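One structure is given here, and the rest of the page talks about it.
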Amino acid sequence: MIRTEKLTKVYPGTDFRAVDGLDLRIRPGEIFGLLGPNGAGKTTTAGMLT
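In structure tokens:
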């Protein structure tokens, strides 16, 4: 299982929150897609989960 509670990413030297308070639960066997517009934090989120 992958689970986050209030996951946040702030880049050093800035106040910019690329990810802000993400609660997520992915159970074994589930198929999950992360969708959103450019700059929404998809790649940042995926990087924090790997």
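Here the sequence shown stands for residues 106 to 155, numbered as in this note's numbering. Just so you know, even glycine gets a beta-carbon here, dropped at the ideal spot from N, CA and C. Note that this is a predicted model, so its numbers are computed, not measured.
For residue 154, the enclosing alpha helix (DSSP H) stretches over residues 147-154. Rounded to whole angstroms, the Cβ separation of residue 114 and residue 123 is 5 Å, and the two are in contact under 8 Å. Annotation for residue 127: 109 and 112 place their beta carbon closer than 6 Å to its own, counting only its chain and skipping 5 residues before and after. By the criterion of a C-beta distance shorter than 7 Å, residue 154 is surrounded in its chain by 107, once the five residues flanking it on both sides are discounted. A distance of 8 Å or more separates the beta carbons of residue 139 and residue 149.
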